[in-house]
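The next block holds one structure in the form of structure tokens; read it before the comments.
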Amino acid sequence: MKALENKIALVTGASKGIGAAIAIAFATAGARVVVNYRQDEPGAADVVSDILSLGSEAVAVQADISQPHEVERLFATTVAEFGAPDIVVNNAGSFHHGDFAALTLEVMRQQIDVNLLGTMLVCQQAIHHFPPHGGSIINLSALNSKNSTPGSVLWAATKGAIDTLTQGLARELGAKNIRVNALAPGMILTEGLLAAKKISPQLKAQLLAATPLGRFGLPEDVAQVALFLASEESAYVSGERVMISGGA
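Just so we're aligned, residue 24 is where the sequence shown starts under this note's numbering, counting upward by one.
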């Protein structure tokens with residue numbers, strides 16, 4: 024029997040990168056998957072196509088997780104398509120690199136609304152919709168949530184809040200057999216990172232020198248840890264922040 028056989032999973036921000044890799048890993052393990060996206064409809068369609076080619080089931084659902092009514096619709100659609108979710112992954116996020124003193128109110132609100140408020144709204148709906156036997160929530164933190172670097176202070180602050188949210192919810196929801204954990208990836212080579220072209224040769228060398236395994240991570244590296252946290256193999260794991268950083 025596959026690790027997620029007969030399970031239903033909802034992954035936010037799953038049209039590319041880490042979210043897409045998690046959705047595909049879950050489907051490979053037997054889950055039916057809801058692929059959430061905000062704008063990238065073609066990307067979400069590609070992920071669904073990949074999952075269908077595996078012989079699994081998936082559907083793409085557009086929703087902006089920073090909007091309460093859209094999160095409610097996302098879960099209502101999940102239930103209508105597949106049933107109550109067993110696994111919810113809060114992968115959707117917003118990142119802006121820049122000096123803190125120069126950040127506009129709009130940028131601040133965007134990152135807080137998506138990274139923190141959106142995660143909270145999705146967690147609330149997950150709690151309301153999980154079946155009686157419980158479920159698994161997997162939040163996306165970051166390696167630098169504990170030690171931010173110049174230019175990513177706001178991002179790190181929202182991820183630090185995710186760490187606190189994860190630990191608090193794990194304690195609050197344990198009696199309902201709802202497990203809550205966080206993934207803390209280091210430098211992962213995603214489409215977004217490559218497109219941003221923020222990594223100079225000098226910075227790349229510095230980052231690699233600080234990574235004992237000597238390479239950047241891949242979305243699939245994160246997805247395999249998410250699969251563990253979603254499965255019964257981690258039935259006694261909750262409230263944890265799992266670093267996926269090559270030893271950094």
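For every residue, glycine included, the Cβ atom is placed at its ideal position computed from N, Cα and C.
Taking the C-beta atoms as reference points, residue 88 is found no nearer than 8 Å to residue 54. Cβ contact annotation for residue 166 (same chain, cutoff 7 Å, sequence separation greater than five): 207, 208, 209, 266, 268, 271, in chain order. For residue 145 and residue 178, the gap between their C-alpha atoms comes out near 19 Å.
Taking 4 residues as the shortest admissible run, the stretch 171-249 contains the following complete alpha helix (DSSP H) segments, listed from N- to C-terminal end: 176-196, 214-219, 224-232. Taking residue 202 as reference, the option from 56, 90, 188, 231 with the minimal CA-CA separation is 188. Contact check between the stretch 126-146 and the stretch 230-239: fewer than three CB pairs, one atom from each, fall below 8 Å, which does not count as touching. In terms of Cβ geometry, residue 46 and residue 70 form a close pair [threshold 8 Å].
Of the other Cβ atoms in all chains shown, 16 or more fall within 10 Å of the Cβ of residue 79; this residue is therefore buried.
Closest in alpha carbon position to residue 36, among 58, 52, 51, 96, is 58.
For residue 85, the enclosing beta strand (DSSP E) stretches over residues 81-85.
In this structure residue 205 touches residue 264 by the C-beta definition: roughly 5 Å separates them, less than 8 Å.
Residues of the same chain with a CB within less than 6 Å of the CB of residue 252, apart from the 5 flanking positions on each side, are 161, 204 in chain order.
In the three-state reduction of the DSSP assignment, residue 143 falls in the helix class, which pools H, G and I.
The alpha-carbon separation between residue 73 and residue 124 amounts to approximately 43 Å. Your pair residue 42 and residue 114 checks out as a contact, with CB atoms roughly 4 Å apart and the cut at 8 Å. For residue 262 against residue 194, the beta-carbon gap comes to about 7 Å, under 8 Å, which counts as contact. In this structure, the alpha-carbon of residue 190 lies about 25 Å from that of residue 44. For residue 131, DSSP assigns no beta-bridge partner whatsoever.
Bridge pairing for residue 124: absent [DSSP].
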